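Participant: 1466 is the number of the first residue of the sequence shown in the numbering used here; add one for each residue after it.
For every residue, glycine included, the Cβ atom is placed at its ideal position computed from N, Cα and C.
Every value quoted in this text rests on a predicted model; they were computed, and no experiment measured them.
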Amino acid sequence: MGWSNAFDYLRGVAAKRGADPSEARADADLPLGARIGSLFTLQQSPLIRANAEGSLIRLPLPGETRIQAVSQIRLNLAGGLYRYYLSKGDLDARETFLQVYQNAKGEVAELMYCTQLARVIPETVEDQEAYMGVSGAGLGDRSYTLWRNQLDDYGLDQADLDLIFGQHEGVDFWRDAGDSQAEFVVPFSGTETRIDDAAGRNGLRQEMYFMPYVRKLPSGGSEYLLITTEVISSVNGDNSKRGIHVDFVIGIPVEQERIVIQ
């Protein structure tokens, strides 16, 4: 369903219920009571601690205090996956979002604060297939090594790189899905529908190929590397706006008690 059709449908449902269509919201009934425009507050101690241990997580910026957009991601897994965007990253490829996993019982089972590390454009068919895992290798491999020289163009200074990598040229992340001993697991795949306003008239829709990787920090906490190939199919209902990119996102799990959305 396109964005305009979705909005027409929403208005029709609202009219049948006797509601004013101008007041109908497409961002209702989300986990934690989130809505576009909600004020977001996070106790940052888990992020600060992870950062001090060499995590690549970026601390919240001053302007990242309100939810700018919300999305639902439909993947081949049980339950529901949502993202609440504090920064959409459309112009600077620097997304910031809270990822919410709701289990099949409707319970919030996992919260992860995420900041985008890098975005790459796969330029060949072979690169695209590798990042989709369609040939039985690539995205979905048992491990992924993030190399120091991959981060040269992403604003990290020498001290940051020394803290992250130490004397090594790369850090290893391990797949957090499927059989841990299997050399390859088919990536999760599905669609993300993001809405940028309460009426649901603006936003985007994209196909996704997704795999989470994880490593242990010195204190025993976990740092996630979420690798997602995104194939944009429409922007603001315009099906001519297409593209493909691969996002590398760092995530740190946070407890629900540390988050306030109002």
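1) Taking the beta carbon of V1535 as the centre, do at least 16 other beta carbons fall within 10 Å, making it buried, or is it exposed?
2) Would you kindly work out how many angstroms separate the C-alpha atoms of D1644 and Y1609, rounded to a whole number?
3) Considering only residues of the same chain and omitting the five flanking positions on each side of V1719, which have a CB-CB separation below 6 Å?
4) Starting from L1626, follow the alpha helix (DSSP H) in both directions and report where the run begins and ends.
5) Tell me, please, which residues DSSP counts as bridged to I1724.
6) Hey, is the stretch 1496–1516 in contact with the stretch 1656–1670, meaning 3+ C-beta pairs nearer than 8 Å?
7) I need the straight-line Cα distance from L1669 to I1697, nearest angstrom please.
8) Could you give the first and the last residue of the continuous beta strand (DSSP E) run that contains E1518?
9) For the stretch 1677–1697 against the stretch 1595–1614, are there 3 or more C-beta pairs whose distance is under 8 Å?
10) For V1590, is the classification buried or exposed, using 16 other Cβ atoms within 10 angstroms of its Cβ as the cut-off for buried?
11) Which residues mark the beginning and the end of the beta strand (DSSP E) in which Q1567 is found?
12) Spell out the partners DSSP gives P1587 in its beta bridges.
13) Please confirm whether F1675 and L1540 have their CB atoms less than 8 Å apart.
14) Going by beta carbon distance, what residues of the same chain come within less than 6 Å of G1716, once the five residues before and after it are set aside?
15) For T1694, count neighbouring Cβ atoms within 10 angstroms of its own Cβ and tell me buried if that reaches 16, exposed if not.
16) In or out: G1708 buried (at least 16 other Cβ within 10 Å) or exposed?
17) Does the distance from the C-beta atom of G1519 to that of L1621 stay below 8 Å?
18) Suppose contacts are defined by Cβ-Cβ distances below 8 Å. Is Q1721 in contact with V1573 by that definition?
19) By how many angstroms is the C-alpha of D1627 removed from the C-alpha of S1705?
20) Does DSSP put Y1619 in a helix, in a strand, or in coil?
21) Skipping 5 residues on each side, what residues in its chain have a beta carbon closer than 6 Å to that of E1594?
22) From the DSSP output, in three-state form, read off D1606 for me.
23) Tell whether a beta-carbon distance below 8 Å holds between R1559 and Q1533.
24) How close, in whole Å, do the beta carbons of Q1537 and G1545 come, if the pair is a contact with beta carbons under 8 Å?
25) From the DSSP output, in three-state form, read off D1592 for me.
26) Would G1525 and L1507 qualify as a contact pair, given that the criterion is a beta-carbon distance under 8 Å?
Facilitator: A quick look at the data gives this:
1) The sequence position of residue 1535 within the sequence shown is 70, counting from 1. Classification of V1535: buried, given that the 10 Å Cβ count is 16 or more.
2) As a first step, residue 1644 is located in the sequence shown; it is residue number 179 there, counting from the start. As a first step, residue 1609 is located in the sequence shown; it is residue number 144 there, counting from the start. Cα to Cα, D1644 sits roughly 16 Å from Y1609.
3) Within the sequence shown, numbered from 1, the residue matching residue 1719 stands at position 254. Within the same chain, V1719 has close Cβ partners P1511, L1576, Y1578.
4) Reading the sequence shown from its first residue, position 161 is the one you call residue 1626. 1623–1630 is the span of the alpha helix (DSSP H), which, as asked, contains L1626.
5) Position 259 of the sequence shown, counting from 1, holds the residue named residue 1724. Per DSSP, L1507.
6) yes
7) Your numbering for residue 1669 matches position 204 in the sequence shown. Your numbering for residue 1697 matches position 232 in the sequence shown. Whole-angstrom Cα-Cα distance: 7 Å.
8) Here residue 1518 corresponds to residue number 53 of the sequence shown, with the count starting at 1. Careful: E1518 lies outside any beta strand (DSSP E) and carries neither H nor E.
9) yes
10) Within the sequence shown, residue 1590 is the residue found at index 125, counting from 1. The residue in question, V1590, is exposed, as its Cβ has fewer than 16 Cβ neighbours within 10 Å.
11) Looking up residue 1567 in the sequence shown gives position 102. Here the beta strand (DSSP E) through Q1567 covers 1561–1567.
12) Taking the sequence shown and counting its residues from 1, the one referred to as residue 1587 is at position 122. P1587 is not bridged to any residue.
13) Your numbering for residue 1675 matches position 210 in the sequence shown. Your numbering for residue 1540 matches position 75 in the sequence shown. Yes. Within cutoff.
14) Counted from its first residue, the sequence shown places residue 1716 at position 251. Closer than 6 Å at the Cβ level, and outside the excluded window around G1716, lie M1577, C1579, Y1689, L1691.
15) The residue given as residue 1694 occupies position 229 in the sequence shown. T1694 sits buried, since 16 or more C-beta atoms from the chains shown fall within 10 Å of its C-beta.
16) The sequence position of residue 1708 within the sequence shown is 243, counting from 1. Exposed, because fewer than 16 other Cβ atoms sit within 10 Å of the Cβ of G1708.
17) Stepping through the sequence shown from its first residue, residue 1519 is reached at position 54. Stepping through the sequence shown from its first residue, residue 1621 is reached at position 156. Contact flag unset, no.
18) The sequence position of residue 1721 within the sequence shown is 256, counting from 1. The sequence position of residue 1573 within the sequence shown is 108, counting from 1. The answer is yes: Cβ separation under 8 Å.
19) The sequence position of residue 1705 within the sequence shown is 240, counting from 1. The sequence position of residue 1627 within the sequence shown is 162, counting from 1. About 44 Å.
20) Position 154 of the sequence shown, counted from the start, is the residue given in the question as residue 1619. DSSP places Y1619 in coil when its eight states are reduced to three.
21) Your numbering for residue 1594 matches position 129 in the sequence shown. So the list reads S1600, once near-sequence residues are dropped.
22) Translated into positions along the sequence shown, residue 1606 becomes position 141. Correct three-state label for D1606: strand.
23) Looking up residue 1559 in the sequence shown gives position 94. Looking up residue 1533 in the sequence shown gives position 68. Contact: no.
24) Numbered from its first residue, the sequence shown carries residue 1537 at position 72. Numbered from its first residue, the sequence shown carries residue 1545 at position 80. Contact annotation, Q1537 with G1545: C-beta distance approximately 7 Å; criterion of less than 8 Å satisfied.
25) Indexing the sequence shown from 1 puts residue 1592 at position 127. Correct three-state label for D1592: helix.
26) The sequence position of residue 1525 within the sequence shown is 60, counting from 1. The sequence position of residue 1507 within the sequence shown is 42, counting from 1. The sequence as given places Pro at residue 1525; Gly does not occur at that position. Yes; because the gap between Cβ atoms is below 8 Å, this pair is in contact.
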